[in-house]
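The next block holds one structure in the form of structure tokens; read it before the comments.
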Amino acid sequence: MTKNKRLVYIALLAAQAVVISLLERAIPFPFAFAPGAKLGLANIITCISLYTLSTKDTFMIIVIRLVLSTLLGGTISTFLYSAAGALLSFIGMWAVQKLGPKNVSIIGVSTTGGILHNVGQLVVASWIAGSWSVMLYLPVLSFIGILSGIAVGIAANYLLQNVETLHVFLSAKQERRTLE
């Protein structure tokens, strides 16, 4: 992949992540029993970039998503919560992905990200509240993180297969052109 194609791909993934974040923010609390819980749909893009780009490029997409989402409708506190969750989630997803596809699927990587995102956010909430009792909310959020992580992982796996199929299709198309 040339440098320009890589930059365009990064920009497209970052733009998709921002749009997904903004759309998800517009959804009222989807979990009535867990106020504040979100689906984490932007992690679909994080999963795809983990499997198609370098670690540095994936981190850049996450930073772009955080900054633009905050500028387009967030606050400093939402940035702090999102940044802590995204950073811990990214580190965990990267580490689990390094175990290899024979040991952990993209669904496992996504589920790890869902759980660790909640941990990161609750650590910031505990720091702001000045009490670790906020962490008592972790089991509820972990359950939701597992369910959301599985759903996001399934979606990312489906999309990743289609990206690979498109790549194979384009390569075959280019080979046919050179033969003609």
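Numbering-wise, the sequence shown is residues 4 to 183 according to our numbering. Idealized CB from N, CA, C, for every residue including glycine. Owing to the predicted nature of the structure, the values given are computational and were not obtained by experimental measurement.
Under a 10 Å Cβ-count criterion, Ile131 is classified as exposed, with fewer than 16 other Cβ atoms of the shown protein chains found around its own Cβ. Taking 7 Å as the cut-off, the Cβ atoms of Met96 and Thr115 count as close. For Phe93, the enclosing alpha helix (DSSP H) covers residues Ile79 to Gln100. Burial state of Tyr161 is exposed, judged by a 10 Å Cβ sphere holding fewer than 16 other Cβ atoms.
Rounded to the nearest whole angstrom, the CA to CA distance from Gly117 to Ala29 is 20 Å. Between the region 42-55 and the region 131-144, the count of C-beta pairs closer than 8 Å stays below three; the two stretches do not touch. Between Gln19 and Ile48, the gap from beta carbon to beta carbon is short of 7 Å. Tyr12 and Lys6 have their C-alpha atoms some 10 Å from each other. Taken through DSSP and simplified to helix, strand or coil, Phe32 comes out as coil.
Counting C-beta pairs closer than 8 Å gives three or more between the region 147-155 and the region 102-116, which meets the contact rule. Under the three-state reduction of DSSP, Asn106 is assigned to coil, being neither helix nor strand.
In the structure shown, Gly43 falls within a coil segment according to DSSP collapsed to helix, strand and coil.
The C-alpha of Thr58 lies about 11 Å from the C-alpha of Gln100.
Contact annotation: Gly88 and Gly111 have beta-carbon atoms that are not nearer than 7 Å. For the options Val127, Leu71 and Gly103, the alpha carbon positioned closest to that of Ile23 is the one of Leu71. One Cα belongs to Ala128, the other to Tyr140, and the distance between them is close to 11 Å. DSSP places Val137 in no alpha helix (DSSP H); its state is neither H nor E. The beta carbon of Leu15 sits closer than 6 Å to no other beta carbon from its chain once the five residues preceding and following it are set aside.
Look at Gly123 here: in three-state DSSP terms it is helix.
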